[in-house]
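Student: Each residue of the sequence shown is one higher than the one before, counting from 62 in this note's numbering.
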Amino acid sequence: MYIKKINDKQIREMMMGNPSLFRGMISTHYHYVDRVRQEMALYEHQANPLSAEQLVTGYLSFREQCEAMPEI
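1) Alpha carbon to alpha carbon, how far is H92 from M77? Give it in angstroms, no decimals.
2) As a quick exercise: from R73, N109, G119, pick the residue whose alpha carbon is nearest that of P98.
3) Would you mind working out which of D95, A102, E105 sits nearest Q126, comparing C-alpha positions?
4) Could you round the C-beta distance between S121 and M101 to whole angstroms and report it? I think they count as a contact, below 8 Å.
5) When we look at the beta-carbon of Y63 and count the other beta-carbons within 10 Å, is it buried (16 or more) or exposed?
6) Is there at least one Cβ from chain B nearer than 7 Å to H92's Cβ?
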């Protein structure tokens with residue numbers, strides 16, 4: 062059985078392409094991804110402080126992007 066891996070970008074494109082099918086889901090999706098990235102940054106900070114700064118920068122950039130996007 063073949064399972065196609067769906068990444069974060071594809072999920073976002075589906076949700077933005079069919080907003081009527083995903084009422085209230087966009088903010089939920091961003092909240093979930095936000096939490097995952099936050100946990101990753103915390104783990105990376107504990108495991109490898111040198112690369113944690115880069116991960117946190119990406120995380121903060123993602124948050125700004127979410128805040129700039131209007132919710133449906």
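No residue lacks a Cβ here, since even glycine has one placed at the ideal position from N, Cα and C.
Tutor: Taking the coordinates as given:
1) Looking at the two C-alpha atoms, the distance is approximately 16 Å.
2) This sequence places Arg at residue 98; Pro is not what is there. For the residues R73, N109, G119, the minimum Cα distance to R98 belongs to G119.
3) Minimum Cα-Cα distance from Q126 among the listed residues D95, A102, E105 corresponds to D95.
4) The residue asked about is misnamed: residue 121 is Leu in this sequence, not Ser. Cβ atoms of L121 and M101 stay farther apart than 8 Å, at about 13 Å.
5) Reliability fails at Y63, whose pLDDT of 45 lies under 50, so the model's placement of it is uncertain and the value that follows must be treated cautiously. The residue in question, Y63, is exposed, as its Cβ has fewer than 16 Cβ neighbours within 10 Å.
6) The displayed structure is made up of one protein chain only, and chain B is not part of it.
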